[in-house]
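Here the protein sequences line up with chains A and B, keeping their order.
Everything in the first sequence is counted per this note's numbering, starting at 1 for the first residue and increasing by one.
Everything in the second sequence is counted per this note's numbering, starting at 377 for the first residue and increasing by one.
We treat Cβ as the ideally placed atom computed from N, Cα and C, and that holds for glycine.
Quick caveat, the model's predicted, so the values are computed rather than measured.
A quick write-up on the structure given underneath.
2 protein chains.
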Amino acid sequence: MIYRPVPPTPIVAGLPVTVPFVAPEALQRQSGRVFRLRLGANESNFGPSPRAIEAMRAAVEQINWYADPEGYELREALAARHGVSPREMVFGSGIDDLLGLVVRTYLSPGETAVTSLGAYPTFNYHVNGYGGTLQRVPYRDDRNDLEALAAAAHEHHAKLVYLANPDNPTGSWYPAAQIRAFLDALPEACLLLLDEAYCDFAPEAEMLPMDASDPRLIRLRTFSKAYGMAGARIGYALGPTDMMGAFDRICLHFGINRVAQDGALAALADTAYLALVVGEVAQGREEYATLGRELGLAPLPSYTNFVTFDTGSPERAKALVAALAERAVFIRMPGAPPIDRCIRVTVGTAEERSVFAEVMRATVPTIPPDATTPRS
Amino acid sequence: MIYRPVPPTPIVAGLPVTVPFVAPEALQRQSGRVFRLRLGANESNFGPSPRAIEAMRAAVEQINWYADPEGYELREALAARHGVSPREMVFGSGIDDLLGLVVRTYLSPGETAVTSLGAYPTFNYHVNGYGGTLQRVPYRDDRNDLEALAAAAHEHHAKLVYLANPDNPTGSWYPAAQIRAFLDALPEACLLLLDEAYCDFAPEAEMLPMDASDPRLIRLRTFSKAYGMAGARIGYALGPTDMMGAFDRICLHFGINRVAQDGALAALADTAYLALVVGEVAQGREEYATLGRELGLAPLPSYTNFVTFDTGSPERAKALVAALAERAVFIRMPGAPPIDRCIRVTVGTAEERSVFAEVMRATVPTIPPDATTPRS
């Protein structure tokens, strides 16, 4: 007997099967080539603090026990660090998870979310996945167009606005005054979802001060970037207590793994190591910028752990990504105009940067500005 | 200026703030007492395979990289183990995560799911969380009442039916023929969600054979129980390729952490260790059953890594849980009648079982069948 499959919900049935990212492992399996430089996912090749590694190895010894769903110790440590209440926080398996949680909590099917065209695609993935509607505002001067984003939020009666600051994939950043003005320019009953995954690389003194009591704002943080723990999956959201409590009604209480919790606690305490990574990344950005200018690929100003280079055209950007992959170097390019004329490269270790410079000097001349395919 | 909070969606706004479980860590913080026996969450106190521990410690060294979102190697290994296609599978951060994924994919707001009254509460949590309606069928003779569950599915036009086999919290189990008959008794276009978290402890020869092509059935497995990796958060669902593909449209692609993936792969390969744990658990169940009979607490037949004891009344069960907590022993009791007259105890190591027997012999006589509070 043939059984009729149970149909998914109308929302799920209407979704495309495309996924936001093809992983480097999948690219390796497709090409049969192992990347010697993995500079495409903005992971920290400096790794986590040695103290975090030690804590994570120790956590493995008690992996048979579910982790504390409240993440009590980490919660207390983060609250102290940020000067907020432990109740003004919720954990997730990285910012990807938290984006889904916020969208599910605040966006009913048919309601609108606003983001920049070409911004972090996983936000869009969740908006679509929960039946929301997306309004995308093009980048302007290779950064988020705050004025146009606020205007779009008014025009489309947006419930949610997504802003990454520092931004991915442009690397751009706005200091406190502009973020505050943006917040004030949004419509009433519109929530700003501020993705601060890269905030550790931006000037701390000019950052929007921490205040988790503003009901117009949820801030997202992660241990995947500066803390070097992308594979552990842990991030957190900061916002008013009652809003964080709403997440408690639907989130996966036992979702955060023990290794991530213990590692994050140790990583957080090792401020010296974080400063070391941030300093090294700043130096690497300078080196990348110099290299870009040398090769005629203008570097966009970056406040992150990557540099986005202007190659002049989408065709050239695409050809460069492919040519670098041929040389076993994994980088990415933004997917939407006008920034799809760029390539985005993670700042690696000193050794990796040196290899990268070598490969770039050999590769870029084979793909001149007017070429659409490599000459070789 | 006071800003009006952005309201959550009607579904989320209507949910209670209660969570399915209070964790042992929270109980410890409340009481100021550290449990010397942790036998309340059906974790494996035997721990994972030493090979899995080694793999997880090694994975920490590359924790700065996101894990392969396809889980390619683990997927291939599991497909080979179960004799299914690698595409007939989706990973989640444990079965809790997968329950949410299935409910979100198949249950539109207002649609009905059927489960046993007092069965695993996280399924209910997700049904409520996605705006579904629950119909609960009481246990009969301390096991799932398959006939009544099928009848309820027909009566309420259920889209989803949840069945844990082996069952938690009763420990009961149905062999293949009865599960197959149950599946055939369900209405058309109704999906059976078969939670097999404890399947490694049940008689393998009598288990429903693996066949992931039946569109009426999704089976859920985990590395949290027999494999001893609850703190790592990894489980998987098995079902037809197109149904698993639907999950790909909404699931968190980078959600499974690297330690869990690598640990699961190594754990899966160590079949000898799994057999050892399963054998030890079987012996422990016998010891618990003997102890229960000695103390007048009839043990329910168990096909899991825990034993559920009949204390005679909900009052006595509650008093026993409290009295054991006073003696720093963490166990749980089922929350709904008629099985709330029981206590549920995880099978621990030989040493833990010996301590548990001692504590029970000292505790149970202080709470006679007609007592509602401890005498001491």
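### Task
Taking only beta-carbon positions, decide if A:H253 is within less than 9 Å of chain B.
Closer than 9 Å: yes.
### Message
With a threshold of 9 Å between beta carbons, is B:D646 in contact with chain A?
### Response
Taking Cβ atoms only, chain A never reaches closer than 9 Å to B:D646, which makes this a no.
### Task
Would you kindly work out how many angstroms separate the C-alpha atoms of B:N544 and B:F397, rounded to a whole number?
Cα-Cα distance, rounded: 14 Å.
### Query
How about A:G100: is its C-beta nearer than 9 Å to some C-beta of chain B?
Closer than 9 Å to some Cβ of chain B, the Cβ of A:G100 qualifies, so yes.
### Message
For chain B, check one thing: does any of its Cβ atoms lie closer than 9 Å to the Cβ of A:D97?
### Response
A:D97 counts as touching chain B.
### Query
Roughly how many whole angstroms lie between the Cα atoms of A:V347 and A:V161?
Rounded to the nearest angstrom, the two C-alpha atoms are 29 Å apart.
#### Entry: Contact with chain B by A:V12, beta-carbon distance below 9 Å
Yes, contact with chain B.
### Task
Please report how far the alpha carbon of A:S376 lies from the alpha carbon of A:P299, in whole angstroms.
Confidence at A:S376 is low in this model, with a pLDDT of 43, below 50, so its placement is unreliable and the value that follows should be read with caution. Cα to Cα, A:S376 sits roughly 25 Å from A:P299.
### Query
For A:P369, does the three-state DSSP call read helix, strand or coil?
When DSSP states are grouped into helix, strand and coil, A:P369 belongs to the coil group.
### Query
Is the Cβ of A:P8 closer than 9 Å to any Cβ of chain B?
Output row for A:P8: interface = yes.
### Query
Which residues in chain A sit within 7 Å of B:A636, going by Cβ to Cβ distance?
Result: N257.
#### Entry: Span of the beta strand (DSSP E), counted from its first residue to its last, around B:P514
Counted as a single uninterrupted DSSP element, the beta strand (DSSP E) harbouring B:P514 occupies residues 509-514.
### Query
Quick one: which chain B residues come within Cβ less than 8 Å of A:C190?
Residues of chain B whose Cβ lies closer than 8 Å to the Cβ of A:C190 are, in chain order, V382.
### Message
Quick check: B:A489 and B:G508, are their CB atoms within less than 9 Å of each other?
### Response
With a cutoff of 9 Å on beta-carbon distance, B:A489 and B:G508 are scored as near each other.
### Query
If you draw a straight line from the C-alpha of A:A13 to the C-alpha of A:S93, how long is it?
Each residue's Cα considered, the two are about 26 Å apart.
### Message
In chain order, what are the residue ranges of uninterrupted beta strand (DSSP E) at least 3 long that sit wholly in the segment 457-504 of chain B?
### Response
Note on the segment 457-504 of chain B: whole beta strand (DSSP E) runs with a minimum of 3 residues are 465-468, 488-493, in chain order.
### Query
The alpha helix (DSSP H) with B:F682 in it runs from where to where?
DSSP places B:F682 in no alpha helix (DSSP H) but in the uninterrupted beta strand (DSSP E) bounded by 682-686.
#### Entry: Sequence-distant residues of its chain with Cβ nearer than 8 Å to A:S354 (five each side left out)
Hits under 8 Å: none found.
### Query
When the cut-off is 9 Å and only beta carbons count, does A:I53 lie next to chain B?
By this cut-off, A:I53 is an interface position.
### B:A712 versus B:V740, B:R516, B:A581, residue with shortest Cα-Cα distance
For B:A712, the closest C-alpha among the options B:V740, B:R516, B:A581 is that of B:R516.
### Query
Under 9 Å between the Cβ atoms of B:R720 and B:L671?
Not closer than 9 Å, so no.
### Task
For B:V513, count neighbouring Cβ atoms within 10 angstroms of its own Cβ and tell me buried if that reaches 16, exposed if not.
B:V513 is buried by the Cβ-count criterion.
### Message
Between the alpha carbons of B:L596 and B:G611, how many angstroms are there, rounded?
### Response
The alpha-carbon of B:L596 is positioned some 7 Å away from that of B:G611.
#### Entry: Proximity to A:T9 [Cα-Cα], best of B:C718, B:M619, B:S484
When each option's Cα is compared against that of A:T9, the closest is B:S484.
### Message
Looking at A:S49: is its Cβ nearer than 9 Å to the Cβ of A:Y273?
### Response
Cβ distance < 9 Å, so A:S49 and A:Y273 count as in contact.
### Task
Closer than 8 Å by C-beta to A:V403: which residues in its own chain qualify, once you throw out the five before and the five after it? Chain order, please.
Limits of chain A in this structure are 1 at one end and 376 at the other, which puts residue 403 of chain A out of reach.
### Task
Write down the C-beta distance between A:I63 and A:R258 rounded to the nearest angstrom, noting that I regard them as a contact closer than 8 Å.
Between the beta-carbon of A:I63 and that of A:R258 there is about 6 Å, and that keeps the pair under the 8 Å contact cut.
### Query
To the nearest angstrom, how far is it from the Cα of B:A399 to the Cα of B:H530?
Put simply, the backbone Cα of B:A399 is about 36 Å away from that of B:H530.
### Query
Just checking, does the segment 39-53 of chain A make contact with the segment 263-280 of chain A on the three C-beta pairs under 8 Å criterion?
Cβ pair count under 8 Å is three or more, so yes.
#### Entry: chain B contact residues for A:I331, given Cβ-Cβ distances below 8 Å
Residues of chain B passing the Cβ test: none, with the nearest at roughly 15 Å.
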